[in-house]
Amino acid sequence: MGGLIDFFITLYNYQQQKYKILLLGLGILLFVAFILLILIIRTRTQRDLAERRFRRIKTTLENTILSIVFQADLNKRTEQIKTLKKLFENKKNTVARDAAREILRTMALQLDGESLEAVTQIYRETNLKELLLQELNDKSWDVKAAIIEEIGDIRLKELLFEVLKYTDYEVEIVRNRAQVVVLKLGGMRGLEFLNTLKSKISEWQQIQLLNQLLKLPYNQYPRTKIWLSSSNDSVVMFGLKVTQHFQQYQDKEELIKLLDHQNTEIVKKTIKVFTHLGLKNELEKIKLHYPNYSIELKVEVLKAIGELGDESDHLFLIDCMMSDDYFIVKEASKSMLRIGQKNLLYQIKDSFPDYQREIIEHSLDERI
Amino acid sequence: MSKAKILVVDDDHLIRQALSFKLEKEGYTVKVANDGESALSIIENEKFDIIISDIMMPYISGFELLKILKEKGSDAPILMLTALNSENAVVKAFDLGADDYLTKPFSPNELIMRIKKLLEKK
Amino acid sequence: MKEFDTTLSGLDIFLGVLNILIYLFTLSVMLSYLIIALLSLWYAFKHLKASKSINYLSILQSPEAPSISIVAPAYNESKTIIQNIRSLLSLDYGNYEVIIVNDGSTDTTLENAIEAYELEPVRYISPNNLKTQPIKAIYRSKNPALKNLLVIDKENGGKADALNAGINCANGDYIMNIDVDCILERDCLLKMIQPILDEPERLAIASGGVVRVANDCIIDKGVIKKVNVPKNLLARFQTLEYLRAFLLGRVAWQYLDGMLLISGALGIFNKKIMIAAGGYSTKTVGEDLEISVRMRKYCRENGIKYKVHFVPEPLVWTEVPEKLGQLLRQRNRWTRGSIETILAHKNLFFNPRYKFLGLIAYPYWVFYEWFAPLLEFFGLLTLFILLILGLLPGLYIALFLLTVVSFAIVFTITTIYAEESTYFQYKDAKGIRKLILAGLIEPVSYHFLVVWASLKGNWDYFIEGKVTWGKQVRKGFDRDTIDREKKILVSNTSGKLTPIN
Chain A
1 MGGLIDFFIT LYNYQQQKYK ILLLGLGILL FVAFILLILI IRTRTQRDLA ERRFRRIKTT
61 LENTILSIVF QADLNKRTEQ IKTLKKLFEN KKNTVARDAA REILRTMALQ LDGESLEAVT
121 QIYRETNLKE LLLQELNDKS WDVKAAIIEE IGDIRLKELL FEVLKYTDYE VEIVRNRAQV
181 VVLKLGGMRG LEFLNTLKSK ISEWQQIQLL NQLLKLPYNQ YPRTKIWLSS SNDSVVMFGL
241 KVTQHFQQYQ DKEELIKLLD HQNTEIVKKT IKVFTHLGLK NELEKIKLHY PNYSIELKVE
301 VLKAIGELGD ESDHLFLIDC MMSDDYFIVK EASKSMLRIG QKNLLYQIKD SFPDYQREII
361 EHSLDERI
Chain B
1 MSKAKILVVD DDHLIRQALS FKLEKEGYTV KVANDGESAL SIIENEKFDI IISDIMMPYI
61 SGFELLKILK EKGSDAPILM LTALNSENAV VKAFDLGADD YLTKPFSPNE LIMRIKKLLE
121 KK
Chain C
1 MKEFDTTLSG LDIFLGVLNI LIYLFTLSVM LSYLIIALLS LWYAFKHLKA SKSINYLSIL
61 QSPEAPSISI VAPAYNESKT IIQNIRSLLS LDYGNYEVII VNDGSTDTTL ENAIEAYELE
121 PVRYISPNNL KTQPIKAIYR SKNPALKNLL VIDKENGGKA DALNAGINCA NGDYIMNIDV
181 DCILERDCLL KMIQPILDEP ERLAIASGGV VRVANDCIID KGVIKKVNVP KNLLARFQTL
241 EYLRAFLLGR VAWQYLDGML LISGALGIFN KKIMIAAGGY STKTVGEDLE ISVRMRKYCR
301 ENGIKYKVHF VPEPLVWTEV PEKLGQLLRQ RNRWTRGSIE TILAHKNLFF NPRYKFLGLI
361 AYPYWVFYEW FAPLLEFFGL LTLFILLILG LLPGLYIALF LLTVVSFAIV FTITTIYAEE
421 STYFQYKDAK GIRKLILAGL IEPVSYHFLV VWASLKGNWD YFIEGKVTWG KQVRKGFDRD
481 TIDREKKILV SNTSGKLTPI N
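Chains as they are written, first to last, in the UniProt record's numbering: chain A, 1 to 368; chain B, 1 to 122; chain C, 1 to 501.
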């Protein structure tokens with residue numbers, strides 16, 4: 001090795017300027033290559049060993065944990081958890097702890113009820129809960145985010161206030177996770193931040209929040225009115241989703257106002273909510289907007305007629321079926337079927353021009 | 001009551017493990033399969049009193065498994081146990097003849113109750 | 001005597017300038033590679049960290065999950081079509097449909113699918129948002145479990161045309177297009193849609209995914225069971241190439257708004273924008289490159305604040321050509337596709353209106369993707385001539401080339417290291433050794449093949465005029481039929497269900 005470097009230095013010293021630059025570059029590159037190769041070999045063996053060990057320990061732990069989770073005798077369960085605690089306390093054996101955490105987390109995501117409570121109990125009665133707290137406060141943003149998720153999955157309700165601290169954390173991803181977990185652990189009040197929110201909530205975040213909301217106990221009802229009249233479009237969207245899935249009939253007036261909203265997506269969703277709630281009496285109000293709407297929204301109105309309308313709407317629909325737009329004709333004819341005018345549609349289809357007739361026949365094909 | 005035989009079809013190893021653990025504890029005989037295709041080959045040779053199946057599995061989905069089993073006239077009740085929680089999926093499952101539908105995360109105790117009900121009905 | 005002197009000094013100046021130019025270009029190439037590699041690595045690690053706390057399952061449990069239409073064109077895929085449809089139908093997602101477009105196959109692709117999936121023709125009139133070759137029939141399955149399968153049979157019109165026909169019939173909010181013979185990771189829809197949904201301010205119009213090489217990998221029931229380094233040397237070189245491009249190349253461009261290419265093997269797009277921008281172009285062999293440029297352009301021109309994402313995880317596996325002829329033809333086509341796209345959007349060139357896209361990404365594509373192989377060829381040629389004329393010392397040239405080669409090698413090793421410390425797909429130590437060895441010889445062997453194919457592509461385009469705008473480009477997809485037989489052997493299932501009696 002030393003000889004090689006000496007040789008290189010001698011070679012280098014004997015050269016002219018332009019050779020020196022090249023030689024230097026070459027030397028550096030070779031050096032880097034060498035270092036990288038060593039790194040690859042080292043990380044590979046280490047990682048391979050660690051992964052194998054982890055898998056082995058995980059398999060053995062799986063049965064232990066399952067027997068705890070499904071242990072009906074509470075005293076015995078406490079005893080079993082104590083043995084697990086001893087295993088975790090071994091400072092050298094962090095692998096067992098990590099493997100156990102992975103198993104418990106997967107179980108918490110899949111199981112509910114008493115089994116989930118058992119998982120929570122394991123976290124509480126071993127040192128895992130303290131570990132989470134410590135990592136939450138000390139580690140970098142990615143670990144913080146993951147820990148917050150974990151706290152939520154395991155339902156460690158007593159850590160609600162610890163999580164609450166992170167709802168206005170500087171890193172967005174941590175903030176987002178904390179918002180969801182606060183809702184999960186603390187219930188409806190966790191959504192109050194929406195009332196004054198200026199920034200937009202992404203669709204993904206809305207899905208997370210809604211999922212948690214749907215899991216809350218039945219005695220908690222969200223108040224959607226204030227969201228529906230928000231100036232923040234994403235909050236309105238979220239409000240609409242909540243109104244839909246929680247059957248908030250009392251928001252009818254707000255919904256009617258939203259039919260004039262500038263944001264197409266919001267109007268679209270609003271019409272969907274009307275349909276979902278089965279607000280038949282408001283159908284006329286929706287139909288009034290039809291002439292002013294874009295094609296995309298017209299299609300949505302036609303869908304609503306199919307769900308909410310009755311036989312008396314057939315003239316309106318036939319009128320729409322004269323349109324040259326594919327989507328309008330298709331949706332209008334489908335709605336004809338839905339309001340029970342199949343026979344009429346069969347009778348009149350041949351009086352339409354070819355293009356419209358073909359689309360109507362498409363709608364009549366029930367296999368689609 | 002004689003021991004009822006249950007087949008658990010799920011591609012998640014831990015779920016299989018957990019279910020067979022719990023169900024065996026309740027006194028059932030449990031077999032597991034990790035996807036639709038292996039489930040079909042197991043069912044070919046054995047009769048089960050109840051089948052618990054996931055929906056999203058490689059190659060043959062739970063929907064298809066359900067369809068094939070019902071088509072060949074399997075009289076074992078089939079309970080779908082899945083993460084899919086959309087109206088569409090639930091409707092489709094019952095449409096195809098599923099006897100019950102439970103979404104993950106699920107309570108194992110609830111599952112046991114449903115299994116008992118299904119067996120009684122049978 | 002005097003005259004001779006001036007010519008000599010003129011030559012000297014010429015040589016000097018040439019020398020400096022070669023130097024500068026080489027240096028700028030290296031530098032740009034380094035910057036892009038660093039950005040990519042930084043992003044890949046960030047993504048890896050962030051995804052630790054993402055609960056992908058949540059979208060399955062949500063009633064508000066967006067709908068996705070998978071559009072997969074098929075041309076003469078009779079051997080694998082049944083199996084491929086089956087894997088597409090069992091992905092992890094709730095709200096999605098699978099649209100197979102049979103682009104006038106001359107074999108039994110359609111018949112096989114009809115038989116295996118109990119398809120029957122239905123009356124289906126599509127809105128014809130995009131013009132395509134005539135559609136012969138549209139099929140749905142009689143099996144209610146396969147409600148989300150749609151098979152379109154149409155006249156042959158090439159891959160872009162087939163994709164457009166599929167998009168016309170798609171009901172989803174998002175279009176995901178894939179090569180039908182690719183092997184998808186089962187969670188790829190979840191992984192691809194997540195960043196699109198998690199974009200609060202801007203409109204995420206598309207997302208690309210990492211393509212990896214599937215040759216010699218063990219595939220079981222449409223799922224990759226074990227990742228192997230290909231036995232075939234040519235495929236092994238391509239493995240390195242794909243690793244480099246996806247791990248240390250593409251990812252960075254999402255910062256520079258210039259990830260121009262979303263691979264045809266896996267990409268997810270916002271349907272509205274895609275249709276508004278005009279769908280796939282049937283006039284180029286590089287339709288996947290062209291569409292992503294046009295969608296950006298459309299957004300920029302219409303004042304839509306957009307974002308194109310890239311998921312740095314390996315999500316799709318594809319068979320790469322193992323025969324020299326196939327490889328050369330493929331690269332030739334890629335080159336022509338790039339040239340066509342570049343020339344079709346000339347107005348982007350250093351156009352400040354298009355911001356990063358016009359100022360950085362497009363010129364980069366021109367200089368470093370299109371010109372680089374040309375310049376390399378002429379650079380080497382001049383060096384060679386100079387050597388023969390004795391105007392430059394051989395040792396110097398050798399040293400210069402050696403430095404360039406070792407840069408390439410170091411870059412490849414860095415890629416392997418990056419792969420090791422992120423996704424760690426190649427579990428065999430032996431495989432990694434093979435990859436490193438291939439990396440050592442690649443710059444002096446395989447690399448010249450690629451340069452050659454690219455030169456040939458330029459020649460074919462400009463001199464022979466093989467492909468011109470406005471002309472029907474090809475019948476069928478001129479993706480070469482790769483030894484498909486093998487894939488079926490690897491997998492232990494035939495794809496067809498045998499009913500139990």
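Just so you know, even glycine gets a beta-carbon here, dropped at the ideal spot from N, CA and C.
- Each of A:L308, A:I286 and A:F54 was checked against the Cα of L258 of chain A, and the nearest Cα belongs to A:I286.
- No Cβ of chain A is located within less than 9 Å of the beta carbon of F63 of chain B.
- Excluding residues up to 5 positions away in sequence, Y56 and D92 lie with their Cβ nearer than 7 Å to the Cβ of D187 of chain C in the same chain.
- The beta carbon of D220 of chain C does not come within 9 Å of any beta carbon belonging to chain A, so the residue lies off that interface.
- For P312 of chain C, the enclosing beta strand (DSSP E) starts and ends at Y306 to T318.
- In the structure shown, S69 of chain C adopts extended strand secondary structure according to DSSP, grouped into three states.
- Going by C-alpha positions, D350 of chain A is about 14 Å away from K342 of chain A.
- Only M56, M57, P58, Y59, I60 and S61 from the segment 47 to 62 of chain B bring a Cβ to less than 8 Å from some Cβ of chain C.
- Judged by DSSP in its simplified three-state form, A265 of chain C adopts coil rather than helix or strand.
- The C-alpha of K92 of chain A is placed about 39 Å away from the C-alpha of W204 of chain A.
- If you ignore the 5 residues before and after S335 of chain A, its C-beta comes within less than 6 Å of the C-beta of L302, I305, G306 and L317, all in its own chain and listed in chain order.
- Below the 9 Å Cβ cutoff, chain B contributes no neighbours of M188 of chain A, its closest Cβ being approximately 21 Å away.
- L210 of chain A belongs to the set of residues whose beta carbon lies under 9 Å from a beta carbon in chain C.
- For N171 of chain C, not one C-beta of chain B is nearer than 9 Å to its own C-beta.
- Of the candidates C:E420, C:G457 and C:L357, the residue whose Cα lies closest to the Cα of D48 of chain A is C:E420.
- In this structure, the beta-carbon distance from A277 of chain C to Y298 of chain C falls below 9 Å.
- Using a CB distance cut-off of 9 Å, R186 of chain C counts as an interface residue toward chain B.
- With respect to the 9 Å criterion, G172 of chain C and N95 of chain C are classified as neighbours on the basis of their beta carbons.
- Every alpha helix (DSSP H) of 4 residues or more that sits fully in the UniProt domain "Response regulatory" (5 to 119) of chain B is shown, in chain order, as 13 to 25, 36 to 45, 62 to 71 and 87 to 95.
- Contact fails between the segment 197 to 209 of chain C and the segment 390 to 398 of chain C, because fewer than three Cβ pairs, one in each stretch, are under 8 Å apart.
- In the three-state reduction of the DSSP assignment, P195 of chain C falls in the helix class.
- Under a criterion of Cβ atoms nearer than 7 Å, the residues of chain C adjacent to V32 of chain A are, in order, V410.
- For G209 of chain C, the enclosing beta strand (DSSP E) covers residues L203 to V213.
- Closer than 9 Å at the C-beta level to chain C, one finds these residues of the segment 134 to 149 of chain A: S140, W141, D142, V143, K144, A145, A146, I147, I148 and E149.
- Taking 9 Å as the cut-off between beta carbons, the residues of the UniProt domain "Response regulatory" (5 to 119) of chain B near chain A are D12, H13, L14, I15, Q17, A18, F21, K22, K25, A83, N85, K104, P105, F106, S107, P108, N109 and E110, in sequence order.
- If you check each beta-carbon in the segment 87 to 117 of chain A against every beta-carbon of chain B, the ones closer than 8 Å belong to I103, T106, M107, A108, L109, Q110, L111, D112, G113, E114, S115 and L116.
- At a cut-off of 9 Å, the C-beta of K58 of chain A has no neighbouring C-beta in chain C.
- The DSSP-derived three-state label of D319 of chain A is helix.
- As a beta-bridge residue in DSSP terms, M176 of chain C pairs with C:I70 and C:I268.
- Per the C-alpha coordinates, the member of A:E102, A:I5 and A:L66 positioned closest to S115 of chain A is A:L66.
- At a cut-off of 9 Å between beta carbons, W227 of chain A makes no contact with chain C.
- Per DSSP, the beta-bridge partners of N102 of chain C are C:A74 and C:D153.
- Cβ neighbours of A100 of chain A within its own chain (closer than 6 Å, five residues either side excluded): L61.
- A Cβ-Cβ distance of about 23 Å is found for the pair L130 of chain C and G209 of chain C, leaving them out of contact under the 8 Å criterion.
- Along the segment 35 to 50 of chain A, the positions whose C-beta sits under 7 Å from a C-beta of chain C are L36, L37, L39, I40, T43, R44 and R47, read in chain order.
- Under the three-state reduction of DSSP output, P373 of chain C falls in the helix class.
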